[in-house]
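Here the structure is laid out as structure tokens; the discussion comes afterwards.
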Amino acid sequence: MLAWLIIAGVNGFCQKAIAQDYSLPSSSEESSLEAPEPMEQVTSVSQLNDVQPTDWAFQALQSLVERYGCIAGYPNSTYRGDRALTRYEFAAGVNACLDRVNELIATATSDLVSREDLAQIQKLQSEFAPELAALRGRVDKLEARTAELEANQFSTTTKLSGFAIIGVQGRNSNRGDVSPRDGIKDTNDLGTNTNVISLSQLYLTTQFTPRSYLFTGLLHGIGASSPRFNNSVSRNDVLLGYEFPTDGFVISDLHYHWLAADNLALMIGTENVNMTTAFRGPNRAESGATGPLSLFAQRNPILNIGFGHGGIAVDWQIAKRFSLQALYSSYNPGNPGKGTGIFDSNTTTGVQLLITPTDAVDLSIYYVNNYSSDGCLLSFVGDECLTANSAPLQTNAVGATVTWQISPRITLGGWGGYTSSYIPGQTGSVETTNYMAFVNFPDLFAKGNLGGIYVGQPPKITSSNLRTGSNVPDTINTGLGRAGGQPGSTLQIEAFYRFQVTDNISITPGIIHILEPGHTPNSDPVTIGILRSTFLF
Numbered sequence: 214m215l216a217w218l219i220i221a222g223v224n225g226f227c228q229k230a231i232a233q234d235y236s237l238p239s240s241s242e243e244s245s246l247e248a249p250e251p252m253e254q255v256t257s258v259s260q261l262n263d264v265q266p267t268d269w270a271f272q273a274l275q276s277l278v279e280r281y282g283c284i285a286g287y288p289n290s291t292y293r294g295d296r297a298l299t300r301y302e303f304a305a306g307v308n309a310c311l312d313r314v315n316e317l318i319a320t321a322t323s324d325l326v327s328r329e330d331l332a333q334i335q336k337l338q339s340e341f342a343p344e345l346a347a348l349r350g351r352v353d354k355l356e357a358r359t360a361e362l363e364a365n366q367f368s369t370t371t372k373l374s375g376f377a378i379i380g381v382q383g384r385n386s387n388r389g390d391v392s393p394r395d396g397i398k399d400t401n402d403l404g405t406n407t408n409v410i411s412l413s414q415l416y417l418t419t420q421f422t423p424r425s426y427l428f429t430g431l432l433h434g435i436g437a438s439s440p441r442f443n444n445s446v447s448r449n450d451v452l453l454g455y456e457f458p459t460d461g462f463v464i465s466d467l468h469y470h471w472l473a474a475d476n477l478a479l480m481i482g483t484e485n486v487n488m489t490t491a492f493r494g495p496n497r498a499e500s501g502a503t504g505p506l507s508l509f510a511q512r513n514p515i516l517n518i519g520f521g522h523g524g525i526a527v528d529w530q531i532a533k534r535f536s537l538q539a540l541y542s543s544y545n546p547g548n549p550g551k552g553t554g555i556f557d558s559n560t561t562t563g564v565q566l567l568i569t570p571t572d573a574v575d576l577s578i579y580y581v582n583n584y585s586s587d588g589c590l591l592s593f594v595g596d597e598c599l600t601a602n603s604a605p606l607q608t609n610a611v612g613a614t615v616t617w618q619i620s621p622r623i624t625l626g627g628w629g630g631y632t633s634s635y636i637p638g639q640t641g642s643v644e645t646t647n648y649m650a651f652v653n654f655p656d657l658f659a660k661g662n663l664g665g666i667y668v669g670q671p672p673k674i675t676s677s678n679l680r681t682g683s684n685v686p687d688t689i690n691t692g693l694g695r696a697g698g699q700p701g702s703t704l705q706i707e708a709f710y711r712f713q714v715t716d717n718i719s720i721t722p723g724i725i726h727i728l729e730p731g732h733t734p735n736s737d738p739v740t741i742g743i744l745r746s747t748f749l750f
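Right, dumping it as structure tokens:
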């Protein structure tokens, strides 16, 4: 099951970061779904109605264009019609006419170029010499960059990308009130030695048509933050967003994407089709590779529920500021045995509405329905196993996330979530809540850097009145499993600062402080120091 926690922490972000020419824009973006207008030839500068005809240079360029047809404009007769023509844009028109005249001379048709035109061109060259030099320098750089990309491309149809993470972390010595939970600290934390965790992932994006592609991911990880206290309410408190030990490379992603209409995209696959990859996240810092350090700080744990392998998802851009995502997934779709398959295993249905009421505010509201054959929601954060005897659970969950960009360098945000679960055919239910408040500081101290502070409570059983013997909190307390909620409330405080060394390399020091781990009042606080380095390619 832990195989999918890392996909939420890292892969969910990195996959979304791979820009596709045909992907749907976020509802928080101002871009239109309409294709840009194609260029068409014009025959007079006067058709470019935002060029002011009061300058001598306008008259000179008009004459050249009408003689040689050397400027292209947009069909609506504007040239950057939302503003006045700049000197750089005017220089681009001069440069186009220069190229046209040179072409005529090179093809032995120089008799078509008059001495007067050559004099006008010389005068324009002199007047706009700085702008022409800058323009040609930009073109040279673009051509060099294009040549480099073409020389180093992985395939004409398949693009290779990925990342590598190396993290060094350690936590303080602490004791917990674990077994039984009776107010007495009885267990030492055995995972306090400093260790190294590494994670590598390769992505292959194979283009079939301009509107469809196949996404494949390979993942390899070494190291973890375990051992941890061996009870279900404390072992998820210190999980990091990039820890996932594997035996060699494993297939982490295998799903096909199709832009069925200009505002409707479909995803279907057998690996990593879940809410972390299908739903758009309003927190743009979400990433176990470059964002917060812990798994809990990535997103509302409700969006982790189920961690489906195979399934189908849709993304519908209803309007410019509204989008809807929906998903059905199965945790074990490849096995036809009892309690497995597409419809009989741990299954999840989720719906999210993403709204951007203003340019600075993003709001997502989501509902999740999950069936778990063993009582565990597979969210891997806080209280995720909700029955003491592994009885199956039917769960309904709701939540919301909001972010507010106060300024380009400060973003406030938060989320809250609630779940209600019951054992099919029995009375009683178990309820959990979680919340998080955070502030991100993009470009802190330098462009590309990121600072963040996150404070929240991981999922906590607030009420459990299942049949005696099934309730988790009292099973930990006395072993009897009577009705009741958790005696305390875990509070996680996380701060980090990502330093962007180069465009591809970042280093992120950070600290996580956990009060009342495992929702246990008498357990010692846990402090974790982390240094994460990331290489993206």
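For reference, each letter of the sequence shown is one residue, going 214 to 750 in this note's numbering. Note that the Cβ used here is the ideal one computed from N, Cα and C, for glycine as well.
Under 9 Å between C-beta atoms of residue i and residue j
i	j	result
A601	T688	yes
D587	V615	no
T691	H732	no
Q699	P686	yes
L516	L452	no
T632	P672	yes
I167	I397	This structure leaves residue 167 out entirely; the chain is present only between 214 and 750.
L345	Q335	no
F651	G612	no
V486	I518	no
L373	Y416	yes
N717	L749	yes
L663	N647	no
L355	G306	no
Euclidean distance between Cα positions of residue i and residue j
i	j	result
P514	G482	23 Å
P505	Q511	6 Å
T561	F520	8 Å
T370	R358	19 Å
S386	W471	51 Å
V463	F303	55 Å
G380	D390	29 Å
F709	F271	55 Å
S634	I555	21 Å
G383	P734	23 Å
N476	P423	15 Å
D399	D596	21 Å
L479	L403	46 Å
Q607	V714	47 Å
I694	V643	First, the amino acid is wrong: residue 694 is Gly here, not Ile. C-alpha separation (whole angstroms): 12 Å.
W617	I720	26 Å
G494	V564	13 Å
N545	N559	7 Å
S500	T553	30 Å
M649	I666	10 Å
G350	E340	18 Å
S413	I636	39 Å
L331	E361	37 Å
Where residue i falls: helix, strand or coil (DSSP)
i	result
Q414	strand
L427	strand
G723	strand
D557	helix
F748	strand
N653	strand
V685	helix
L311	helix
E456	coil
G626	strand
F658	coil
L277	helix
N548	coil
N408	strand
N735	coil
F421	strand
Cβ-heavy atom distance, residue i to the ligand NAD, below 8 Å
i	result
H522	The ligand NAD is absent from the structure shown, which contains no ligands of any kind.
Paired residues, beta bridge with residue i - DSSP
i	result
A213	The question about residue 213 has no answer here: the residues shown for the chain are numbered 214 through 750.
H433	S413
I741	R384 and I725
A708	I666 and I724
I752	Given that the chain is displayed from residue 214 to residue 750, the structure contains no residue 752 and the question cannot be resolved.
A613	I578 and G629
A532	F535
Q713	S719
N583	T561 and T608
Can you list the alpha helix (DSSP H) stretches of 4 or more residues lying completely in the stretch 322-405, in chain order?
Listed in chain order, the alpha helix (DSSP H) elements of length 4 or more contained wholly in the stretch 322-405 are 328-340 and 342-365.
Taking only runs of the alpha helix (DSSP H) that begin and end inside the stretch 471-524, which ones reach a length of at least 4 residues, in chain order?
Secondary structure within the stretch 471-524: the alpha helix (DSSP H) runs of 4 or more consecutive residues, fully enclosed, are 488-491 (chain order).
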